[in-house]
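Notes follow the structure.
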Amino acid sequence: MMCNLFCGSRYIATIDGAVNKQHLIAISEETVVDGIRCIPDVVELLPQQPDKSRPRLRIVVHEGRNHKVRELVKSAGLQIYSLIWIRIGAFRHPPDLLFGKHIELKPPQLKALWWDEK
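With the UniProt record's numbering, you'll find the sequence shown wraps up at 118, consecutive numbering, no jumps.
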């Protein structure tokens with residue numbers, strides 16, 4: 001199987017400490033991770049929520065892995081408190097899927113990922 005279209009991975013990064021505009025610019029710039037250029041498609045400071053004390057960023061990377069997101073944030077001088085993968089392409093991570101567990105994807109879910117059998 002192969003992903004034949006854009007498969008952006010979307011993450012919510014909760015940050016330890018304050019986030020300013022310079023941090024967002026730094027995260028948005030090119031960073032080399034594992035010898036590969038990584039430029040996020042989206043870096044956005046999410047609105048503060050009453051029940052969340054730490055700032056949260058929405059970061060979208062092209063065919064990314066969470067260690068790439070961690071390196072992008074680290075290169076901007078920030079520290080990640082938590083990092084949650086929420087979506088790849090049109091496929092949303094099931095909210096009840098526990099850490100270390102997996103599910104078998106059904107054809108509609110594979111279609112949401114734009115995967116073709118080849």
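No residue lacks a Cβ here, since even glycine has one placed at the ideal position from N, Cα and C. The model shown is predicted, which means the values in this text are computed figures rather than measured ones.
Residue i to residue j, Cα distance in whole Å?
i    : j   : result
A76  : R10 : 19 Å
K106 : G8  : 20 Å
A13  : S82 : 6 Å
I36  : I80 : 21 Å
D16  : V61 : 21 Å
K21  : W85 : 23 Å
P108 : Q49 : 33 Å
E30  : L46 : 21 Å
R56  : P95 : 18 Å
C3   : D51 : In this predicted model, C3 has a pLDDT of only 41, less than 50, meaning its place in the structure is not dependable enough to derive any value.
Which residue from the options puts its Cα closest to that of residue i?
i   : options            : result
S53 : A18, V33, L83      : A18
R70 : N20, D34, Q22, Q49 : D34
Rounded to whole angstroms, how far is the Cβ of residue i from the Cβ of residue j, which I believe are closer than 8 Å?
i   : j   : result
I27 : P40 : 7 Å
I42 : R58 : It should be noted that the sequence gives Val, not Ile, for residue 42. Indeed they touch by this definition, with Cβ atoms about 6 Å apart.
K68 : C38 : 5 Å
DSSP on residue i, reduced to helix/strand/coil?
i  : result
L5 : With a pLDDT of only 40 at L5, under 50, the local geometry of the prediction cannot be trusted, and the value read off the model is given with reservation. Note: L5 maps to coil in three-state DSSP.
Is the beta carbon of residue i less than 8 Å from the beta carbon of residue j?
i   : j   : result
L78 : H23 : yes
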